[in-house]
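Notes for the one structure printed next.
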Amino acid sequence: MNIDTRIKYRHLVCFLEMARQGSLARAADVLAVSQPAMSKTLKELEELLTVSLFVRSKSGITLTEAGVAFLRYATPSVQALREGVNALRGGEYAGGTVRLGVLSTVESLLIPELVRRLHARHSSLVVSVVTGPSAYLLSQLRVGDVDLVVGRMTDSPQIQGMNFEHLYSESMTLVVRAGHPLTQSPLDRSWLENYPLVLPLANTTIRAFADSLFVQCGISQSRQRLETLSISLSRRYVLDNDAVWIAPLDAVRLDLASGELQEVDLGQREPGGSIGICSNAHVPMSVAAQGCVEVLRELGQAYCEGVYP
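Per full-length UniProt numbering, the very first residue in the sequence shown carries number 1; after that it's consecutive.
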């Protein structure tokens with residue numbers, strides 16, 4: 001079957017933005033076109049394909065089974081065309097761009113070292129980093145807005161249909177500011193309930209590991225809680241008061257080494273979640289993204305061998 005030549009680039013771009021936003025109105029705003037024009041473009045595409053791509057409801061639009069299938073092919077097609085155009089432009093695009101979705105578990109230690117090594121090897125490479133919860137970043141990966149997602153995400157339902165490559169395992173730990181009362185005498189675990197607690201956001205992959213540690217140690221969580229994925233906010237809050245932070249070990253490793261933070265010795269650690277790389281098998285990987293994967297593998301190997309960090 002030949003491709004209908006009436007299917008245009010604008011049809012694909014509008015379709016992808018609708019899938020990304022889950023709303024015809026929001027997609028129209030992003031693309032700076034009128035809502036009627038967006039509806040007309042979708043109607044044209046559905047007529048050309050002779051299928052319905054979305055189900056409409058009061059809350060927005062969701063992909064039909066046919067829409068999901070078409071997304072699998074439309075995404076790499078548009079991405080490949082964009083990369084082809086950029087490859088011809090030279091100048092700032094000559095070294096390529098790699099777009100990373102980065103979870104909070106790796107943004108403070110792994111990613112800075114990754115970027116350092118990439119820039120040491122490539123004289124003109126742009127590394128574009130987006131942070132956020134795994135569900136959001138994996139949705140960006142699915143529609144081709146990022147090339148890779150790096151971090152702890154294996155429990156996220158959005159990872160279904162994606163490729164995940166394990167790099168290393170990382171445990172969670174409880175930390176407090178230097179001189180905190182919990183570090184001054186033999187620890188009674190029940191004392192932890194008396195201090196504000198800093199936790200990852202609810203319903204995130206890393207929160208499940210944090211909750212697991214409390215269950216394993218038989219500790220009740222404090223009623224005063226700060227829930228966030230921001231490493232910088234968590235760090236500042238804990239350094240300024242008596243809060244207890246359940247944190248990914250790599251996020252606080254440097255602070256523990258410097259003495260600014262101290263580990264609360266529970267006698268055990270949560271055994272660790274899988275840190276790895278997620279990619280979209282349906283989207284061709286750019287040369288820049290392939291180079292990034294190679295460096296990430298190097299770092300994962302070094303981590304497992306105790307050479308890094």
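Glycine included, C-beta positions come from ideal geometry on N, C-alpha and C.
The beta strand (DSSP E) runs of length 3 or more contained entirely in the stretch 22-79 are, from start to end of the chain, 54-57 and 60-63. For Ile219, DSSP records no beta bridge to any residue. A distance below 6 Å between beta-carbons, with the five flanking residues on each side excluded, links Leu249 to the following residues of its chain, in chain order: Glu170, Ser171 and Thr173.
Annotation for Leu137: no beta strand (DSSP E) segment contains it, though the alpha helix (DSSP H) segment containing it runs Ser134 to Arg142.
Only residues of its own chain outside the window of five on either side were considered, and among them Asp155 have a CB closer than 8 Å to the CB of Ala208, listed in chain order. Excluding its 5 nearest sequence neighbours in each direction, Glu113 has C-beta neighbours in its own chain below 8 Å: Leu299, Tyr308 and Pro309, listed in chain order. Secondary structure remark: continuous alpha helix (DSSP H) runs of at least 4 residues inside the stretch 189-261, in chain order: 205-217, 231-240 and 249-258.
By the Cβ rule, the stretch 186-204 does not count as touching the stretch 138-148, because fewer than three pairs are nearer than 8 Å. For His166 and Leu233, the gap between their C-alpha atoms comes out near 28 Å. The way I'd put it, the stretch 7-17 does touch the stretch 57-74; three or more beta-carbon pairs between them come closer than 8 Å. CA-CA distance, Gly306 to Arg223, rounds to 38 Å. Taking Arg253 as the centre and dropping the five residues before and after it, the same chain places the C-beta of Leu109 and Pro309 closer than 8 Å to its C-beta, in chain order. Contact check for Glu270 against Gln221 fails: the beta carbons are separated by 9 Å or more.
Taking Glu260 as the centre and dropping the five residues before and after it, the same chain places the C-beta of Ala178 and Leu239 closer than 7 Å to its C-beta, in chain order.
The shortest C-alpha to C-alpha distance from Arg121 to any of Val130, Val295, Ala302 and Ala251 is the one to Val295. Across the structure, Thr97 and Thr41 are spaced so that their CA atoms are roughly 30 Å apart. Secondary structure at Met172: strand, using DSSP grouped into helix, strand and coil. Per DSSP, the beta bridge partners of Ser128 are Arg99.
Straight-line spacing of the CA atoms in Thr228 and Gln301 works out to 30 Å.
A Cβ-Cβ separation of about 6 Å places Gln35 in contact with Leu24 under the 8 Å criterion. Under the criterion of beta carbons closer than 8 Å, Leu256 and Val175 qualify as touching, at roughly 7 Å.
9 Å or more divides the Cβ of Gln160 from the Cβ of Ser134. Remark: C-beta atoms of Val30 and Leu100 do not approach each other more closely than 9 Å. Within the same chain, Pro133 come within 6 Å of Thr204 by CB-CB distance, once the 5 residues on both sides are set aside.
Boundaries of the beta strand (DSSP E) harbouring Gly151: Leu148 to Arg152, taken from the DSSP string.
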